[in-house]
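Numbering (the working numbering), first residue to last: 4 to 427. For each residue, glycine too, the CB sits at the ideal point set by N, CA and C. In this text, all values refer to a predicted model and were calculated from it rather than measured experimentally.
The structure is reproduced here in structure tokens:
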């Protein structure tokens with residue numbers, strides 16, 4: 004009897020152990036048939052990354068070590084932006100994509116915070132939030148492509164703001180009272196520019212977007228076919244961006260205008276710029292013992308700024324270096340002009356623009372909010388190439404000397420503002 008009980012107990016224990024071990028096994032899902040579209044779209048994206056590397060390595064701008072580094076960073080930034088814009092963004096349930104120090108593209112303005120959303124032109128959207136303290140807030144609707152002309156714009160002067168600083172803008176649908184932008188059928192792109200001139204005092208607003216018309220789905224639903232289309236669109240936008248921006252620098256600037264010269268002011272609203280904004284462009288080529296003096300004059304613009312970029316068409320480091328200046332940051336000379344100095348080494352003058360070790364690069368100047376979008380010819384910026392050691396003889400005699408400590412204090416202010424602007 005005792006022997007039988009022992010066998011029964013041992014058998015029960017063995018059964019318990021086997022059952023426990025079976026339950027502890029990692030459960031494996033039944034295999035699901037793979038989506039050929041998903042696989043092909045991801046393969047296409049991978050191919051486009053490889054092709055991007057081949058493109059930059061064979062490009063005119065793939066020269067110095069700094070340019071080679073920025074070539075690959077250009078690829079990474081274009082990939083990040085394309086993923087945000089197409090793979091992750093749902094036009095029915097949009098969130099704003101932000102261009103910041105990590106996602107620079109298209110010669111981004113050092114003084115701006117960009118908010119971007121891809122929308123369905125048949126829908127109706129509501130932008131809401133807080134106006135903030137930026138110098139300008141301009142809201143523009145474009146066709147889908149980055150170079151598409153503007154459909155409609157609400158400028159700072161157009162916007163109606165509540166007393167508490169809150170703001171609401173309706174986009175698309177029938178015209179409504181208040182802030183409204185008309186749309187057009189098909190995919191459209193919303194771009195909000197928050198522009199800062201006095202970095203010490205101006206903070207960005209907090210803006211958000213929702214689709215509000217009855218045709219909007221109840222909730223997001225993602226199918227394999229939809230995701231495959233998004234990945235394909237990502238690959239296309241990525242490939243286009245990798246090629247477009249350095250080619251713009253090569254064909255629109257370096258090929259058409261000599262180095263160390265500037266274009267006349269022009270309105271670029273027809274090619275993806277802000278309607279009514281005047282822009283002056285150029286490109287520099289400087290030896291280490293050379294400097295470029297750009298002389299500009301005060302204007303009626305509510306915002307006026309200058310910045311440097313590299314030829315992959317992205318701004319230089321504007322948080323940790325003084326590679327850009329607004330008229331609020333620059334010093335006006337005794338002759339009534341702003342004299343900006345481009346050079347590799349700090350010359351100890353107030354309006355130095357740091358070329359960040361690049362021997363060649365891009366210059367952009369912007370004039371926003373002018374009563375009339377026109378700059379008198381005698382106020383067009385001018386350029387003078389000089390030897391670095393002779394620089395002061397070409398500037399007003401009373402141009403002050405800026406110490407290294409003062410320069411670092413100014414840069415600390417810049418970094419703090421950028422941290423606040425992008426919530427870093």
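Bounds of any beta strand (DSSP E) do not take in residue 56; it lies within the alpha helix (DSSP H) bounded by 39-60. According to the DSSP assignment, residue 327 belongs to the beta strand (DSSP E) that extends over 327-329. Residue 172 carries a strand assignment under DSSP once its states are collapsed to helix, strand and coil. Residue 208 counts as buried, since no fewer than 16 other beta carbons sit within 10 angstroms of its beta carbon. Annotation: residue 266 to residue 215 spans about 44 Å, alpha carbon to alpha carbon. The criterion of a C-beta distance shorter than 7 Å is not satisfied by residue 205 and residue 132. Among the bridge pairs identified by DSSP, residue 310 is matched with 327, 367. DSSP links residue 318 through a beta bridge to 312. Apart from the 5 residues on each side of it in sequence, residue 93 sits with its Cβ closer than 7 Å to the Cβ of 223 in its chain, given in chain order.
Straight-line spacing of the CA atoms in residue 58 and residue 246 works out to 8 Å.
Under the 10 Å beta carbon count, residue 229 is surrounded by fewer than 16 other beta carbons and is classified as exposed.
For residue 248, the secondary structure class from DSSP, reduced to helix, strand or coil, is helix. The beta carbon of residue 360 lies closer than 7 Å to those of 69, 347 in the same chain, with the five residues before and after it left out. Residue 375 and residue 402 have their C-alpha atoms roughly 32 Å apart. Residue 196 places its beta carbon less than 7 Å from that of residue 115. No Cβ-Cβ contact shorter than 7 Å links residue 399 with residue 349. For residue 109, same chain residues with a beta-carbon under 7 Å away, outside a window of 5 residues either side, are 149, 248, 316 in chain order. Across the set 243, 286, 117, 277, the C-alpha of 286 shows the shortest separation from the C-alpha of residue 264. Annotation for residue 83: the continuous alpha helix (DSSP H) segment containing it runs 68-85. Residue 381 sits in a helix when the DSSP states are folded into three classes. Residue pairing by DSSP places residue 294 opposite 389 in a beta bridge. Distance from the CA of residue 391 to the CA of residue 323, rounded to the nearest whole angstrom, comes to 23 Å.
Apart from the 5 residues on each side of it in sequence, residue 43 sits with its Cβ closer than 8 Å to the Cβ of 231 in its chain, given in chain order. Residue pairing by DSSP places residue 156 opposite 143 in a beta bridge. With fewer than 16 neighbouring CB atoms inside 10 Å of its own CB, residue 211 falls in the exposed class.
Following the DSSP letters along the chain, one finds residue 344 inside the beta strand (DSSP E) bounded by residues 341-346. In the DSSP assignment, the residues bridged to residue 119 are 100, 194. The shortest C-alpha to C-alpha distance from residue 421 to any of 165, 152, 202, 176 is the one to 202. Straight across, the Cα-Cα distance linking residue 255 with residue 365 is about 11 Å. Taking residue 343 as reference, the option from 146, 413, 397, 46 with the minimal CA-CA separation is 397. Spatial neighbours of residue 330 in its own chain (CB-CB distance under 6 Å, excluding positions within 5 residues in sequence) are listed in chain order as 307.
The Cβ atoms of residue 113 and residue 321 sit closer than 7 Å to each other.
Distances from the alpha-carbon of residue 171 to those of 185, 130, 187, 199 put 130 closest.
Assignment of residue 210 by DSSP, reduced to helix, strand and coil, places it in the strand class.
In this structure, residue 304 keeps its C-beta atom at 7 Å or more from the C-beta atom of residue 381.
Rounded to whole angstroms, the separation of the alpha carbons of residue 326 and residue 277 is 22 Å.
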